[in-house]
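Working notes, beginning with the structure itself.
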Amino acid sequence: MKKTICALAFLFAAWAIAQKKVDLKASYGTASLFGITESITGNIINAIIGGPAVNYDSNGVLSAEVMIHNDDSKWQYGIGYNYERVKDDHYNYKINFNTFLLQANYTWNNPQNKMKLYSGAGVGALFSSFEGRDNNDNNVYLAFNLSPVGIRYGEKLGVFLETNIGTKGFLQGGASYTF
339 MKKTICALAF LFAAWAIAQK KVDLKASYGT ASLFGITESI TGNIINAIIG GPAVNYDSNG
399 VLSAEVMIHN DDSKWQYGIG YNYERVKDDH YNYKINFNTF LLQANYTWNN PQNKMKLYSG
459 AGVGALFSSF EGRDNNDNNV YLAFNLSPVG IRYGEKLGVF LETNIGTKGF LQGGASYTF
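Residue numbering for the sequence shown follows our numbering, beginning at 339 and increasing consecutively.
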């Protein structure tokens, strides 16, 4: 299933490049809501059974997106990929989160301005790969991301900073190129 989603993502990207206006975005951010939830859940379970606290460590969220603009560039639609690794050295486990999202962003001010204020949302699939001492487990979950506030500065080449709740980092920053 993961290979099918990857193939569809590449086909979508190829189709998007043929459109009028396309954004390619790459970013890195803090831990995500999904990653932090692993630590909170582990600590609750350990408090009940009397185990030690989970020593949560996230590598942050790496993200790549392809977004197509509508005719007036107020709306952008596209697909995104996020990666995060969570680990705990005490319990010797690692969890890899690979997420694919269908996304939409809305630009609140004039899209021709160098400084753009936007919000966005996305829904998709999160592929979780758990590697532990005694077991390995793979699961697929419904994934989401809400971007309440994002700021982008630039014309063709731009930088952006956004807040998120979901599979991206709570604070995510990166660069984008519009062609």
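Where is the CB? At the ideal position from N, CA and C, for every residue including glycine.
Check the C-beta distance from Phe438 over to Ala463 and give it rounded, since I have them as a contact under 8 Å. The count along the sequence shown starts at 1 and reaches residue 438 at position 100. The count along the sequence shown starts at 1 and reaches residue 463 at position 125. That pair is a contact at about 6 Å.
Where Asn474 sits in the DSSP three-state scheme: Numbered from 1 along the sequence shown, position 136 holds the residue referred to as residue 474. In this structure, Asn474 counts as strand in the three-state DSSP scheme.
Neighbourhood of Lys494 by C-beta distance below 8 Å, restricted to the same chain and skipping five residues each side: For this step, residue 494 is matched to residue 156 along the sequence shown. Around Lys494: Tyr515, Thr516 and Phe517.
Give the range of the beta strand (DSSP E) segment to which Phe468 is assigned. Position 130 of the sequence shown holds residue 468. Where Phe468 is concerned, the enclosing beta strand (DSSP E) stretches over Met453 to Glu469.
Assuming Glu403 contacts Gln441 under a Cβ cut-off of 8 Å, what Cβ separation, rounded to an integer in Å, is found between them? For the purposes of this step, residue 403 is taken as residue 65 along the sequence shown, with counting starting at 1. For the purposes of this step, residue 441 is taken as residue 103 along the sequence shown, with counting starting at 1. Indeed, because the Cβ distance is near 7 Å, the residues count as touching under 8 Å.
Cβ atoms of Lys363 and Ser411: under 9 Å apart, would you say? One-based indexing of the sequence shown puts residue 411 at position 73. One-based indexing of the sequence shown puts residue 363 at position 25. For Ser411 and Lys363, no; Cβs fall outside 9 Å.
DSSP three-state assignment for Thr379, whether helix, strand or coil: One-based indexing of the sequence shown puts residue 379 at position 41. Looking at Thr379 - three-state DSSP - the assignment turns out to be helix.
Let me know if Tyr491 comes out buried or exposed under the rule of 16 or more other beta-carbons within 10 Å of its beta-carbon. For the purposes of this step, residue 491 is taken as residue 153 along the sequence shown, with counting starting at 1. That one is exposed.
Measuring straight from C-alpha to C-alpha, what distance separates Asn447 and Asn434? In the sequence shown, residue 447 corresponds to position 109, counting from 1. In the sequence shown, residue 434 corresponds to position 96, counting from 1. Roughly 37 Å between the two C-alpha positions.
Beta-carbon proximity of Gly519 to Gly458, cut-off 9 Å: Missing from the structure shown is residue 519; the chain here goes from 339 to 517 and no further.
Taking only beta-carbon atoms, is Phe498 less than 9 Å away from chain D? Here there is only one protein chain, and chain D is not present.
Would you identify the three-state DSSP class for Gly507, choosing helix, strand or coil? One-based indexing of the sequence shown puts residue 507 at position 169. Reduced to three states, the DSSP call for Gly507 is strand.
Since Asp427 is in the beta strand (DSSP E), which residue starts that stretch and which ends it? The residue given as residue 427 occupies position 89 in the sequence shown. Note, Asp427: premise wrong, no beta strand (DSSP E); not H, not E.
Local Cβ density within 10 Å of Gln450, reported as buried at 16 or more and exposed below that: As a first step, residue 450 must be located in the sequence shown, where it is residue number 112. Exposed: under 16 other Cβ atoms inside 10 Å.
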